[in-house]
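Step one of this worksheet: look at the structure below.
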Amino acid sequence: MLIPFLLLDGLRYTAVNGTMCLFDMLRDSWRWLTVGPVEEDWSYCPSVAVMIVGLNEGDTIKHALASVYDTYPRMELFVVDDGSSDDMAAQANAFAQDHPGVTVLSRKLRGGKSSAMNMPLPMITSEIVVVIDSDSHLAEGAIWRLVQPFKDPAIGAVSGCVSARNPYVNLCTFMQALEYRRSIFIGRILCSRLGILGIVSGALGAFRKSTLDKFGGWDVGPGEDGDLTLKFRKAGYKIGFVPEASCLTNVPTTFQALTKQRRRWEWAAITFECRKHVDVGNPFVKHFRWNNFFMMFERWLFSVFCVYFSVVYVAYMLIAIDSRTILFSLFSFYLLYVACDFVQSIIVLYYSSVKRQDCLLALAAPLVPFYYAYQKCVTLYAITEEIFTRRSFRDNFVPERVRNATWHW
Amino acid sequence: MHPTPFPADLTIIGADPQLLRELRAPETPAPTTRRRHQSSSVEHSTAECSKFETTTDSPPTDQPAHSQSTAIPSPAPIRMAFETPEQNLRHGVRYELTLPAICYPVSVSNEVDRSASITAIVANVSSSGLMLVTDAAQPYPGLDLVVGVERNQGQFEFCAGTVLASKRNSRGLIEIHLQFGGYMNELLLSEMIFPVLDRTRMQFGLPFSERTLASLCKLGAMAAETLDVVVVCPHCQALPTLRDGCSLCLSSNVTTSKMIHHFACANVDFLEKFETPAGLCCQKCRTRNLIIGSDYEYLEGPQTCQDCGKSHLETIQIGHCLNCEHRFPLATAKRMEIVGYRVNRLDTLALIDSA
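Chains as they are written, first to last, in our numbering: chain E, 3 to 411; chain A, 44 to 398.
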């Protein structure tokens, strides 16, 4: 009775991902037998504007620029320094001096990530806007791969795959690297297949410029990337995902920093999915679509309802069930969760292009239940404070003068 | 005052051992007071010089008599640099001393000929010149010499002048009468030689020939010193004027556009897009009557070149040469060191004081 509920996440991911993987294995085998190896199609080459926005990223900006520059033929490159107190603008300007086509925009006062990303929009004439975090490093051919889905005019935005750049620093980064391979790499392949992908990563994402102009760019964050993706979905566009377009980003190296990051992510889930864009679930509005409804329903059910229900259920267990049964249930739960994670590791390996790293990450499977338990605790805390106190509007992710002026959803 | 004793252990590189031995020999009539001579005539001066020579009369103990007698040639006639004795005078009080020195002849192209250097001893000094004693080649009158006089701890200080007369004395040594003056002396007079700005060509230059200065630097008579580093034209090395301008066509006709950041919706756009007849209005969220500070802030937008039409640029600093009118990005400008020369000059007054 207890185990199926606790295994809700693990089972559903394993079952659905396993099905997808089996289907792909059969399809790929058939294709290989009938057609042979399929080459990548890089025939579509729209003009691209790459934006790199950062704050105090003087150490990493040159590496980020070097990983992007000259990797695509029709590209303009914008660097926005959002009021850094370090030498980020100077570093970017030094790069721009030697590399034509790089424009550096610098502002004296920090205005928040959203407005910094909106700043180059009036100057961009390209068809596609690609956004990259200033501490990210693009893999070879990432921009080429990212723009190919835009051949389909129904595609409004495309997400790249984000992986941890520093997985071997400590246990915290190792577990995050594992999580990124499960939830971002495999999870988003599945969501995009089902047409319910609800987020385009801020670390690597591409947007159709004409549509971006209609929305006026990004709204005030935190969670502005998810907010914009929902706007695209509401406008009827599809969201694509290209797992081969990968980008390495630095993940937090301490559990304290990780908790802070995840709290922001969860605040955004409440602010945008449960308040600002709650109309997605309303079947009487003009822009209602079933795939959007299922996407939001999945989020509401598993990210909010199940979290609270888990608390209630654990409380019920402690009161109603004897300790021996609880221990047995927890142990069974642990074993099954590890088994599910093992299956997921095999699924990741099937799709992976970095199989050696994924094999190493699979060694952490016995620790995964504990890591996800920690994540659930953070989620519970974050959504509670956001629901009851609107905590996100007191966060210094956005400067005070901006968060005082913006709408508190 | 006694003449400066010549230390027994002092060696001069390149000096003739015979000359050094003579100078190190004990002085028989040790003078008790400073010898002051009004050099009213050449004869007087010559007499005093021969008096000085008497101090070196006794041969060194380790020197064989026959070698000394063969080393001293017969006195040669004095060759006068000037026709009249009045022209040949070094005015002022002369102070006797004994200091090692090296003399370098100056060529007609005002360069120092290091290969023809001669070692000598400064026998006396006055405010207007020196008398040197050497056993080396006899310089002809009228020749300019640069003289390095050894001072404290082997350091040489330099002066320059013209040879008034040179003659061989009774001991067979050459006496050189040097009067301060000439082109080289001009160089060695000031403590520092500064470059000057040629206002017609807007270029920095030196008031003296660089080859001459370089030859003096090689001697150690002066040392080059970087005074400043300036940006100059990469073509002609003249000074430019600087301005911000377009990085593409190097025009300074660049206008800056103003942008507005609306806080509430994070919209950032050009000022013109916000301007409506009813006041400032955000085109994204339709908020009207925006108030600066609480609703929005101005941002510096991209630069637009009015000549080539290129926009979205960060301006760069552009130089315009004041001489050849060449325009160039400051990053390509040449950085030129402004070099001065610190002169290692001989302080005659200090020399007199030490006599």
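Just so you know, even glycine gets a beta-carbon here, dropped at the ideal spot from N, CA and C.
Residue i classed as buried or exposed, judged by whether at least 16 other C-beta atoms fall within 10 angstroms
i              : result
F307 (chain E) : exposed
T99 (chain A)  : Note on T99 (chain A): pLDDT 34, under 50, position unreliable in the model; the coordinate value appears next. Buried, by the Cβ-count rule.
G248 (chain A) : exposed
A259 (chain E) : exposed
L173 (chain E) : exposed
E275 (chain E) : buried
P182 (chain A) : buried
S355 (chain E) : exposed
A374 (chain A) : exposed
N19 (chain E)  : buried
V106 (chain E) : buried
R147 (chain E) : buried
D43 (chain E)  : exposed
I335 (chain A) : exposed
S290 (chain A) : buried
K216 (chain E) : exposed
Cutoff 6 angstroms; reference residue i; Cβ partners in own chain excluding five residues on either side
i              : result
S295 (chain A) : R286 and G288
A51 (chain E)  : E78, I126, S128 and V131
L365 (chain A) : M245, A281 and L282
D89 (chain E)  : G60
E194 (chain A) : It is worth fixing the name first, because residue 194 (chain A) is Arg in this sequence and not Glu. Contacts found: E200.
Min CB distance residue i to chain A below 8 angstroms
i              : result
G114 (chain E) : yes
D137 (chain E) : no
D221 (chain E) : yes
G158 (chain E) : no
T213 (chain E) : no
V404 (chain E) : yes
Q99 (chain E)  : yes
M90 (chain E)  : no
M125 (chain E) : yes
A96 (chain E)  : no
T408 (chain E) : yes
N120 (chain E) : yes
W411 (chain E) : no
R109 (chain E) : yes
Minimum C-alpha distance to residue i - residue among the options
i              : options                           : result
A92 (chain E)  : E:M121, E:T62 and E:G283          : E:T62
E218 (chain A) : A:G204, A:T243, A:T177 and A:E200 : A:T177
N400 (chain A) : E:P122, E:T105, E:V350 and E:G38  : Residue coverage of chain A in this structure runs from 44 to 398, which leaves residue 400 (chain A) outside it and unanswerable.
T261 (chain E) : E:L303, E:Y383 and E:V404         : E:Y383
L214 (chain E) : E:W409, E:T231 and E:G225         : E:T231
I54 (chain E)  : E:L206, E:F234 and E:T255         : E:L206
R211 (chain A) : A:A180, A:Q346, A:L291 and A:D312 : A:A180
E253 (chain A) : A:A374, A:P238 and A:G263         : A:P238
K236 (chain E) : E:M298, E:P155, E:H139 and E:L57  : E:M298
C163 (chain E) : E:T251, E:D83 and E:G223          : E:T251
A96 (chain E)  : E:G114, E:H65 and E:G85           : E:H65
R358 (chain E) : E:R29, E:L180 and E:S108          : E:L180
L259 (chain A) : A:L231, A:T330 and A:Q326         : A:L231
A366 (chain E) : E:T16, E:Q178 and E:L35           : E:Q178
Y226 (chain A) : A:E368, A:Q349, A:C351 and A:S152 : A:S152
A435 (chain E) : E:V70, E:R112 and E:S116          : Nothing can be reported for residue 435 (chain E), as the shown portion of chain E is limited to 3 through 411.
T284 (chain A) : A:F223, A:Q360, A:Y384 and A:D338 : A:Q360
G204 (chain E) : E:D229, E:P371, E:L24 and E:I198  : E:D229
Neighbour flag for residue i against chain E, beta carbons, 8 angstroms
i              : result
C308 (chain A) : yes
K327 (chain A) : yes
F313 (chain A) : yes
D338 (chain A) : yes
L342 (chain A) : yes
A376 (chain A) : no
P345 (chain A) : yes
H304 (chain A) : yes
Own chain residues within Cβ distance below 8 angstroms of residue i, not counting five before or after
i              : result
D390 (chain A) : E200
G322 (chain A) : R331, N332 and L333
Nearest-angstrom Cβ-Cβ length linking residue i and residue j, presumed shorter than 8 angstroms
i              : j              : result
R266 (chain E) : D397 (chain E) : 7 angstroms
V202 (chain E) : A159 (chain E) : 5 angstroms
V400 (chain E) : G114 (chain E) : 4 angstroms
V189 (chain A) : A264 (chain A) : 7 angstroms
V275 (chain A) : M379 (chain A) : 5 angstroms
A144 (chain E) : S248 (chain E) : 6 angstroms
V136 (chain A) : S169 (chain A) : 6 angstroms
Contact set for residue i: own chain, Cβ-Cβ below 7 angstroms, skip 5 residues either direction
i              : result
K288 (chain E) : none
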